[in-house]
Amino acid sequence: MWEDIKEFASTFFVTGDPLIYGADVSIVLTILAIVFVLTKYKKWGWLWREWLTTVDHKRIGIMYLISSLLMLFRGGVDALLMRLQLAFPNLEFLHADHYNAIFTTHGTIMILFMAMPMMFGLFNMVVPLQIGARDVAFPFLNALSFWLFFLGAMLFNLSFVIGGSPDAGWLSYPPLSQNDFSPGPGQNFWIWGIQISGIGSLATGINFIVTILKMRAPGMTLSKMPLFSWSVLSSSIMIIFAFPILTVTIALLFLDRFAGAHFFTMDGGGNPMMYLNLIWMWGHPEVYIVVVPAFGIFSEVVATFSRKRIFGYKSMVWAMMVIAIASFFTWAHHFFTMGTSASVIAFFAISTMVIAIPTGVKVFNWLFTMFRGRISFKQPMLWTIAFIPCFLVGGATGVMLAVAPADYQYHNSYFLIAHFHQVLIGGVVFGYLAGIYYWWPKLFGFKLDEKLGRWGFWFWNIGFYICFMPQYALGFMGMTRRYYTYGWDRGWEDLNLVSTVGAFMMGIGFIFQVWQITYSIKHGERDTTGDPWDARTLEWSIPSPAPFYNFATVPQVKEADDWWATKQAKANGTYKPEPVHLEPIHMPKNSGIPIVMSTFWFLIGFGLTFGWVWMAVIGFIGVAVCMWVRSFQYDTDYYVPVDEVRRTEASLGRVL
Amino acid sequence: MTQHQNHGDHNHGSLKSYVIGFILSIVLTIIPLVLVMNQMMEKTALVITIMVMAILQFVVQLFFFMHIREGEKPRYNVQTLILGLVIVFTIVAGSIWIMMFNKY
Chain A
671 MWEDIKEFAS TFFVTGDPLI YGADVSIVLT ILAIVFVLTK YKKWGWLWRE WLTTVDHKRI
731 GIMYLISSLL MLFRGGVDAL LMRLQLAFPN LEFLHADHYN AIFTTHGTIM ILFMAMPMMF
791 GLFNMVVPLQ IGARDVAFPF LNALSFWLFF LGAMLFNLSF VIGGSPDAGW LSYPPLSQND
851 FSPGPGQNFW IWGIQISGIG SLATGINFIV TILKMRAPGM TLSKMPLFSW SVLSSSIMII
911 FAFPILTVTI ALLFLDRFAG AHFFTMDGGG NPMMYLNLIW MWGHPEVYIV VVPAFGIFSE
971 VVATFSRKRI FGYKSMVWAM MVIAIASFFT WAHHFFTMGT SASVIAFFAI STMVIAIPTG
1031 VKVFNWLFTM FRGRISFKQP MLWTIAFIPC FLVGGATGVM LAVAPADYQY HNSYFLIAHF
1091 HQVLIGGVVF GYLAGIYYWW PKLFGFKLDE KLGRWGFWFW NIGFYICFMP QYALGFMGMT
1151 RRYYTYGWDR GWEDLNLVST VGAFMMGIGF IFQVWQITYS IKHGERDTTG DPWDARTLEW
1211 SIPSPAPFYN FATVPQVKEA DDWWATKQAK ANGTYKPEPV HLEPIHMPKN SGIPIVMSTF
1271 WFLIGFGLTF GWVWMAVIGF IGVAVCMWVR SFQYDTDYYV PVDEVRRTEA SLGRVL
Chain B
66 MTQHQNHGDH NHGSLKSYVI GFILSIVLTI IPLVLVMNQM MEKTALVITI MVMAILQFVV
126 QLFFFMHIRE GEKPRYNVQT LILGLVIVFT IVAGSIWIMM FNKY
C-alpha cells in the first residue's frame, strides 16, 4: 500500500528540481498564510459574500486585475529564468527540458492568462461606467466568465507542481504535441487550461457586445460613444468569431491525444500543418483582440491629458472596425515558410501590409490630438507617449516580416521574438498600464503615487530597449528562438548578456509598481471629486469609488464627451440642471453558482488531463446540475429603495 | 416585474422546435461519421457529402437555435449573418486554398 502511494506520488508530483521544490514550499506557505489570516480575522464569510459570489462588474474587474498581476509575476519570473539561462554561453542553470517548459508556460501565460484577463478587467471596470449603465447585460454570465478564466488559469498553473508542465511551445504545434513526442499530462493541462478559460472569454465577448449595443444611456448614439467602448466592441466582435476556432482546434488536438484520432498526426491521413492553419486563424485575430482595447485606452488618455477633443473620431472608429474584419485575413503569414503556392503567399503578404494602414491612421490621430494641446505628463500620458515610438518600431519590423521573401530569413529567429515583444509590450502592456493608472482612482478612490510610478516607468522603458534591441541583431546573427544554450564560438554572448540586463531592469520596474500600489493604499492622493484628471467621459461624473449601482439617476447624454460639455456649460453659466427624480434601482442578486460550476469544470479538466474519466463524469454531472438549478431560479434580482440610494449618495458627498 | 416575465416578452422557440433542431443536428453529424467509419464512398463523393451535411447543419442551427427569423430589427440579423458567412467562407475556402500546397 505504502509503496503504491509512493510510486503514484513520484509521478504525480514534479520531482527532482531544486527550483521546483523551492516553489512547492513557497506555494504551501502562501496558502497557509492566506488561510490563517482569513480565519484569524473571521473573513471567510466576507470573502464569500462580497467577492466570490459577486456579480458586480467593478468587483469582477478588480478580481481580473489582481489575477492578471499575479500571472504577470509568474510569466515574468519565467522570462527572467530564461534570460538567466541565456546570459552566458554553455550555462547549466536550466537543463533543456526545463527550459522548454518555461518558454512554453511563459508564452501561454502572458497571452492567455495575463493579457486577456487584464483586458477583461479593464472592460469590466470601465465600459458600464463609460456608457452610463448600471451593470453589464448579463451579470451572472460575467461572473461565470471570470471563474472559468480563473479556474482554467489555476489548472494550467498546477502543471508546474503536479504532473509536469507542457513543453511543446506556447501554441503546441503537432506532431511535437502529440502522444508520441509529448506523453504524460503536461500537454493535457495546456489543452484544458485554455479550453476552460476560452469558454469564459467567448462569453465575455458576447456579454460586452450586448452591453454596448443595448445598454447605452439615453441619448448616447453610437456616434457619441467614447472610443474605449468602441475599441471594446471591435475586440468583442473579434472574440466571438475567433475563439470558437481555438476551441474546435484544441478539441481536435485533444481527440488525437485522447481518442487516437488522426486530425493532425503524421500518418493515417492527418496533417499537422492543418493545425497551424487553424490555430493561427484564432492566433492572428487574438493579437488584435488584445491590442485594440489598448488603442481605445490611448484615445481616452490622449484626449484627457491634451485637454482636447480626440482628433479624427470617425476615422478612429473606422480604423478599429476595419482592423476587426481585416485581422481575419492575415493568418498565413505566421507560416510562410511552410511552402505553399506563390499566390497564397502574395495574398497574405499584402493583407498583412494593408492592416498596418488603419493602425497608422490611429497613430497620426493621436499625434494630431496632442498637437497644440495643453499636455500634462501624468502617468497615463507618460505610458501613452512611450507607446508611440515603441509601437512604431514594432510595426515597422512587422512590415519587414510581412515581406515574404525576407521572412524566409527572419522566420523563428530572435528578430521575430524582438518584433512581437515590441508590439505586445509596447502596445498591449504599456496600453493596459496606462489604462490602469488612468482608471485606478475611479475603482479605488485614490491615485497611484507619481514618484514611485516614474521610477517604475523609466526602469520599464529603458529596460525594454536594452532587452529587445539586441535581440533584433541576434536574429540577424542567426540565433533562432527556443535555443536553450549556445557555444562561445557563435559570437552571441555580448548581446545576450546585454539583453538579460534589460530584462532584469523591467523586473525592477515591476517591483517599483508593486511598491507603488502598496505605498499608495496608505499614502496615495485621495480622490474626493470623482474627476481627478479633469476628464471628458461619463465615468468621471460619479463619485470615486463608484457606488455599487453606478449612477443614482441614468444620465441623459447630449453630445460626445458629454461630461466635458457639462463642465463647460457649468463654467459658462449656461448649465441647466435637470430635475432629479430618484427611482428604485433594479439590480442583480449575487450568486454562488458561477464559482461552483467553474469548479466542476476544473474537475472535468483535471480528470481528462490524467485520463481519469470517472472524475470528468462527476464534473460534467456537476456542470449540468448547476445549469439546471440556475434555469429554474426566478428570484435573481431586487430593487434598491430610493432611501438607500439617497443615503449612499449623501455618504459619498453628493446631495440629490 | 420578475426576471421570469422579462424573459417572457419574446418568443424564443418552443420545446418542440428545440428537440427537432437537436435531432436534425445529431442525424446530420452521424451520417458523415458512419460514411467515414464504414468507408462507404470514394474520396471525392465523400468530401462533397460531408460538406453538404455541414452546410445543412449550419442552416438547421441558424433556424432552430439562433432564431434568425426573430428579433426587432432583422437588419442587424442580416448584417451579422453576412459577416459570419464571410468569416466562415474565409475559414473553409482559405484552409483549402492554403493546404493545396502538396497537390500541384
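Order-wise, the sequence lines are chains A and B. Here the working numbering = 1-based position in the first sequence + 670. Here the working numbering = 1-based position in the second sequence + 65. Here a beta-carbon is modelled for each residue, glycine too, at the ideal position from N, C-alpha and C. Just so you know, these numbers come straight off a predicted model, no measurement behind them.
Pull out every residue of the stretch 827-844 of chain A whose Cβ sits closer than 8 Å to any Cβ of chain B, in chain order. none
For Tyr-1309 (chain A), which beta-bridge partners are listed by DSSP? A:His-1256
Pull out every residue of the stretch 1002-1028 of chain A whose Cβ sits closer than 8 Å to any Cβ of chain B, in chain order. Ala-1002, Met-1008, Gly-1009, Thr-1010, Ser-1011, Val-1014
Would you mind giving the Cβ-Cβ distance between Pro-787 (chain A) and Ser-737 (chain A), rounded to the nearest angstrom? I have them listed as a contact below 8 Å. 5 Å
Exposure of Ile-88 (chain B), with buried meaning 16 or more beta-carbon neighbours within 10 Å: exposed
Nearest chain A C-beta to Phe-166 (chain B) closer than 7 Å, yes or no? yes
Would you say the beta carbon of Leu-916 (chain A) is closer than 6 Å to some non-hydrogen atom of the ligand PLP? Summarising the ligand content, the structure contains no ligands, and the ligand PLP is consequently not present.
Under 8 Å by beta carbon: chain B residues contacting Ile-915 (chain A): Ile-156
Verify whether the separation of the beta carbon atoms of Met-795 (chain A) and Ser-904 (chain A) is less than 7 Å. no
So Phe-1366 (chain A) and Asp-1197 (chain A) are in contact, right, with Cβ under 8 Å, and what is the actual spacing, rounded? This structure does not reach residue 1366 (chain A), given that chain A is present from 671 up to 1326, and the question cannot be answered.
Taking the runs of the alpha helix (DSSP H) that are 4 residues or longer, which of them lie wholly in the stretch 1217-1252 of chain A? 1232-1242
Member of A:Ser-899, A:Ile-882, A:Val-695 whose CA lies at the smallest distance from the CA of Phe-808 (chain A): A:Ile-882
Which whole runs of the alpha helix (DSSP H) in the stretch 989-1045 of chain A are 4 residues long or more, in chain order? 1012-1024, 1026-1040
Please give the ranges of any alpha helix (DSSP H) in the stretch 690-765 of chain A, keeping only runs that are unbroken, at least 4 residues long and fully inside the region. 727-756
Give the straight-line distance between the Cα atoms of Ser-899 (chain A) and Gly-1161 (chain A), rounded to the nearest whole angstrom. 49 Å
Neighbour list for Ser-160 (chain B) in chain A, Cβ cutoff strictly below 9 Å: Met-944, Asn-947, Leu-948, Met-951
Would you tell me roughly how many angstroms separate the C-alpha atoms of Lys-1240 (chain A) and Glu-1319 (chain A), rounded to the nearest one? 21 Å
Around the C-beta of Val-1098 (chain A), are 16 or more other C-beta atoms found within 10 angstroms, so that it is buried, or is it exposed? buried
Cα separation between Gly-1177 (chain A) and Met-895 (chain A)? 37 Å
Using a C-beta to C-beta distance shorter than 8 Å, which residues of chain B count as neighbours of Asn-941 (chain A)? Met-164
Quick one: grab the DSSP three-state call for Ser-976 (chain A). helix
Among A:Phe-1047, A:Asn-849, A:Tyr-1154, which residue has its Cα nearest to the Cα of Asp-767 (chain A)? A:Tyr-1154
Given Met-885 (chain A) as reference, the closest of A:Thr-1223, A:Lys-710, A:Arg-804 once Cα atoms are compared: A:Arg-804
In three-state DSSP terms, what is Arg-1152 (chain A)? coil
Where Phe-816 (chain A) sits in the DSSP three-state scheme: helix
Using 10 angstroms around the beta-carbon of Lys-1333 (chain A), count the other beta-carbons present and answer buried if the total reaches 16, otherwise exposed. Residue coverage of chain A in this structure runs from 671 to 1326, which leaves residue 1333 (chain A) outside it and unanswerable.
With a threshold of 7 Å between beta-carbons, can Ile-152 (chain B) be considered close to chain A, or not? yes
Got a sec? Which residues, its chain only, sit under 8 Å from Val-962 (chain A) by beta carbon, not counting five neighbours each side? Ser-901, Ser-904, Ser-905, Met-908, Met-990, Ile-993, Ala-994
Closest by CA to Ser-871 (chain A), which one among A:Leu-811, A:Ala-921, A:Ser-893? A:Leu-811
Between A:Trp-1203, A:Ile-910, A:Tyr-945, A:Ala-929, which has its C-alpha nearest Leu-846 (chain A)'s C-alpha? A:Tyr-945
Does the Cβ of His-765 (chain A) have 16 or more other Cβ atoms within 10 Å, making it buried, or fewer, making it exposed? exposed
Please decide whether His-69 (chain B) counts as near chain A, where near means a Cβ-Cβ distance under 7 Å. Bear in mind that a pLDDT of 41 at His-69 (chain B), under 50, signals an unreliable position, so the model cannot answer this.
Contained alpha helix (DSSP H) runs [length at least 4] in the stretch 902-971 of chain A, N- to C-terminal order: none
Short Cβ contact (7 Å threshold) for Phe-1411 (chain A) with Gly-1096 (chain A): Absent from the model: residue 1411 (chain A). The displayed extent of chain A is 671 to 1326, so no value can be given.
If I'm right that Asp-937 (chain A) touches Gln-848 (chain A) with Cβ under 8 Å, what's the distance once you round it to whole angstroms? About 11 Å; that fails the 8 Å criterion.
To the nearest angstrom, how far is it from the Cα of Thr-67 (chain B) to the Cα of Thr-724 (chain A)? Unreliable positioning characterises Thr-67 (chain B) in this predicted model, as indicated by a pLDDT of 37, which lies under 50. A coordinate reading is not provided.
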